[in-house]
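Engineer: Handing you a structure now.
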Amino acid sequence: MIGLCLGLAGAVWAELPTPAFTLAWTHTIEKVRWEEDYRVTAEGLVLGEARVKGSGAGMEIPDGAELRNGSWHYQRQLPPLQPLRVGRTPEAGDYQLCIDQRCRPMSDWLGPPQASQPALELWSCELSSPAADAG
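Every letter in the sequence shown is one number past the one before it in the working numbering, and letter 17, counting from 1, is 161.
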């Protein structure tokens, strides 16, 4: 079964049996929420729709975005990401991982962000156990 792996440099720290998820975070300077929806496929993570609550320094709203329910909605055409690499430090706060519209901090699976591990990778993977815990 294909699922979502969290870790770094191929080392798996957590496995989640989910076909899709939303990665959400709050911009460290502007304090604006961002959300990106992904599908988990054998080729990698496929970005679907993304949303942002507002613009600011280094946060321009993409061309073609539509304002709906207080957020700018847009789509980018990217090849599947394998892996998706993100920065994760104590100063920036934590990401949220949303599965079936239920959001939880990434620290629920990985512990709090640490300065000694300032990056995280997410990728599609063959789950090692059908009983992997999605929480």
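Positions of the beta carbon are idealized from the N, C-alpha and C atoms, including for glycine.
Tell me the residue span of the alpha helix (DSSP H) that contains L254.
Structural biologist: S251 to L254
Engineer: How about E180 and L271: are their beta carbons less than 8 Å apart?
Structural biologist: no
Engineer: In terms of residue numbering, what span does the beta strand (DSSP E) encompassing T108 cover?
Structural biologist: Only positions 145 to 279 of the chain appear in this structure, which leaves residue 108 out of reach.
Engineer: Is it right to say C247 is buried, meaning 16 or more other beta carbons lie within 10 angstroms of its own, or is it exposed?
Structural biologist: exposed
Engineer: Hey, could you find the ends of the beta strand (DSSP E) I146 is sitting in?
Structural biologist: Start and end: I146 to L152.
Engineer: Unbroken alpha helix (DSSP H) runs of length 4 or more, entirely within the stretch 208-233: which are they?
Structural biologist: Whole alpha helix (DSSP H) segments, 4+ residues: zero.
Engineer: Residue range of the beta strand (DSSP E) that S268 falls in?
Structural biologist: A263 to E270
Engineer: Rank I205, C242 and V230 by C-alpha distance to the C-alpha of A263 and give the top, closest one.
Structural biologist: The shortest Cα separation from A263 among I205, C242 and V230 belongs to V230.
Engineer: Under the DSSP definition of a beta bridge, which residues are partnered with T162?
Structural biologist: Looking at the DSSP assignment, T162 forms no beta bridge with any residue, so it has no partner.
Engineer: Would a C-beta distance cut-off of 8 Å place T170 and R177 closer than the cut-off?
Structural biologist: yes
Engineer: On the three-state DSSP scale, how would you describe A155?
Structural biologist: strand
Engineer: Of all the options Q226, R220, R212 and S260, which has the alpha carbon lying nearest to the alpha carbon of G198?
Structural biologist: R212
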